[in-house]
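Numbering (this note's numbering) for the sequence shown: 385 to 840.
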Amino acid sequence: MKGISTLVAVVTIVILGLATLGGILVYREISGGVQYTSAGIPVYPKSFSVAVAEENRPTGVTVEAYQTSASKTEVVGWLEDKMTEKGWEKKGSQAGEVYFSKWEKEGRGITLLVGPAEEMGRIFGIRASGTVFIFLTGSWETIYNLQTKDVAPPSIRTSQATGVGPTYATLNAAVGYGVYSSVQVRFRWRKVGGSWNFTPWETWNRSFYDHRLSNLEQGTRYEFEAEIKYDNKTDGGGILEFKTEAEGENLSPPSIKTGMAVEVTETSALLTATLTYGDYQRVDVCFRWREAGGTWNYVPWYQGFTGPSCAYRLTTLSPGRMYEFQALLRYDGKELTGEIRSFTTLRPGGGMSMTATVRGVYFPEMSFTARLTSDRKVLLTVQSGGNIQAGDWEWRAENEDGPVTSFVIGTETLSPGSSVVLDVSSLVEKGSLGVGDWIRIKHSPSGFYYSRVVIS
């Protein structure tokens, strides 16, 4: 692709829908809407901008992308067979690291690109894995230049130290990657007022980074900052402090209380618990449960929990049975237990019986603020609570007349202190949004909603 002058065009969804399931490509025809991978996370959950030029004149373009674990050869072969079956005629193709082919049907043109995630990420500004295949529609004969506009760079944010003892502590940070598959990260640290020490640079590709310090001085204040390096640039994530324990110093311990089982049905119940933290900033929590008199089953530990309460939903239980459950808390190698409580699932009208399997999710307690920006977008900020991973939450703008937008899946991880810009203005379907209206946030794994976040 050779470069000519560019013009920004807004990306929208095309008509042809393709998705993946378990690494095998599966075809389905749709009328519109966000498309999902087999993991349930959309590659393109919302519109964004790209720059396009065609024969030295502007053209509109629409884009839709998918990812799969299948190889490029498998993707190309499968897609071309499916395109032909559906009446599309291939007008030309070009092999290379990114495979490029043009198709026509009933006077409409479509361009297909298939390539590795790293290369497609450089072209389109997306983060994906495996093979990415993209459909472009427009009115051109040849695409000369296609590049991203305002692609977010990698980022790092220093998080509170955990596991602080007399001579040790664990430093933490949250890492964002933009279109990069990996970056280099490290910490710098020192006694307050002293000279900086540096941990070694590490190549990293996960959302959270931590490093344990040892041989620290007791009862001493330290400060630290996470750093990120990419393309010969180094950025810091902000300086935070912690204080090691003094000899003989007693830290106030955390505690946990088992709450009630709520929303009990024939086959499900929501387990609850409340926590206090004492002198600790975060702990690990989980629940265990059993049919009364049986063997305990344990749900996975929720590590680094920071909220005042937690919940876990059990589903597909047996109707008309009594169950017991207990909340557990873990810190500094110690484990605390709450009270054992019980509930009984409802009996069905017809005496139906079911075998029990269990799945569940935590519903982290969170508080948010929302502010209207000068360009009519909304800045959503997490004030306190736990963490929600990218793809596990949705948002919708509302006013007193009802929804203003459809639900949009969030692609950023939410954690205390983080902020996300919601592009409300480009997604309005009905009415308008302003100060005093609100954002509705849904926790997708549990299906629960947070209290409305009023826009200021």
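Don't be surprised by glycine CBs; every beta carbon is placed ideally from N, CA and C. Computed from a prediction, not measured in an experiment: that's the story for all the values here.
For the structure I just gave you, are there three or more beta carbon pairs, one from the stretch 566-582 and one from the stretch 601-621, closer than 8 Å? yes
If you run the structure through DSSP and keep just helix, strand and coil, what is L701? coil
With DSSP as the reference, identify every bridge partner of R492, one or two as the case may be. K489
If you draw a straight line from the C-alpha of G775 to the C-alpha of A630, how long is it? 42 Å
Less than 8 Å between C-beta atoms, sequence neighbours within five positions excluded: which residues of the same chain meet that for A557? I540, R541, T542, S543, V569, F571, F592, Y593, D594, A610, G621
Quickly, what does DSSP pair G476 with across the bridge? List them, please. K486
Kindly indicate the opening and closing residues of the beta strand (DSSP E) around T765. 762-769
Do Y645 and F709 have their C-beta atoms closer together than 8 Å? It should be pointed out that residue 645 corresponds to Ala in this sequence rather than to Tyr. Yes, the Cβ-Cβ distance between A645 and F709 is below 8 Å.
Among D615, I494, S702, W685, nearest to Y696 - alpha-carbon criterion: W685
Between S455 and chain B, is any beta-carbon pair separated by less than 8 Å? Absence of chain B from the displayed structure is noted, only one protein chain being present.
What would DSSP say about L720, mapped onto helix, strand or coil? strand
Please tell me whether P800 and V766 are closer than 8 Å, where the distance is taken between their beta carbons. yes
Beta-carbon contacts of S835 that lie in its chain and below 8 Å, excluding the five residues immediately before and after: none
Using C-beta distances below 6 Å, list every residue in its chain close to K826, excluding the 5 sequence neighbours before and after it, in chain order. E778, Y833
Could you check the C-alpha separation between G722 and F671 for me, to the nearest Å? 10 Å
So if DSSP puts N599 in a beta bridge, which residue, or which two residues, is it bridged to? For N599, which the question treats as bridged, DSSP gives no partner whatsoever.
For E439, count the other beta carbons within 10 Å of its own beta carbon; 16 or more makes it buried, fewer makes it exposed. Which is it? No answer about E439 holds up, because its pLDDT of 33 lies below 50 and its placement is not dependable.
Of the residues N581, Y614, G578, L520, the one placed nearest Y561, counting alpha carbons only: Y614
One question on the structure: do T628 and G677 come within less than 8 Å of each other, judged by their Cβ atoms? no
Please determine, among I518, I494, S598, the residue with the shortest C-alpha to C-alpha distance to E503. I518
Cutting at 8 Å between CB atoms, please list the residues of its own chain near I839, excluding the five before and the five after it. A754, R755, L756, V762, L817, G818, V819, G820, D821, W822, I823
Whole-angstrom distance between V648 and G662, CA atom to CA atom: 32 Å
Here's a check: name, in chain order, each residue in its chain whose Cβ is nearer than 6 Å to the Cβ of Y682, leaving out the five neighbours to either side. R672
Please state if the CB of R705 and the CB of T679 are separated by a distance shorter than 8 Å. no
Cβ-based burial, N771 [other Cβ within 10 Å; buried from 16]: buried
Flag this pair as yes or no: are the beta carbons of K474 and E464 separated by less than 8 Å? yes
Would you kindly check if the distance between the Cβ of L659 and the Cβ of L713 is under 8 Å? yes
Excluding five sequence neighbours on each side, which residues of the same chain lie with their C-beta closer than 6 Å to the C-beta of W585? Q568, R570
Measure from the alpha carbon of T587 to the alpha carbon of each residue in V559, Y715, Q602, then state which is nearest. V559
Per DSSP, V812 is paired with what? DSSP lists no partner for V812.
By how many angstroms is the C-alpha of G578 removed from the C-alpha of L635? 26 Å
Under 8 Å between C-beta atoms of E796 and G769: no
Taking the C-alpha atoms as reference points, what is the distance between V395 and T495? Its pLDDT being 25, under 50, V395 is placed unreliably in this model, and the value from its coordinates should be taken loosely. Straight-line Cα distance between these residues: approximately 15 Å.
Beta-bridge pairing of G560 - partner residues as DSSP gives them: S539
Tell me whether F582 is buried or exposed, calling it buried when 16 or more other Cβ atoms sit within 10 Å of its Cβ. exposed
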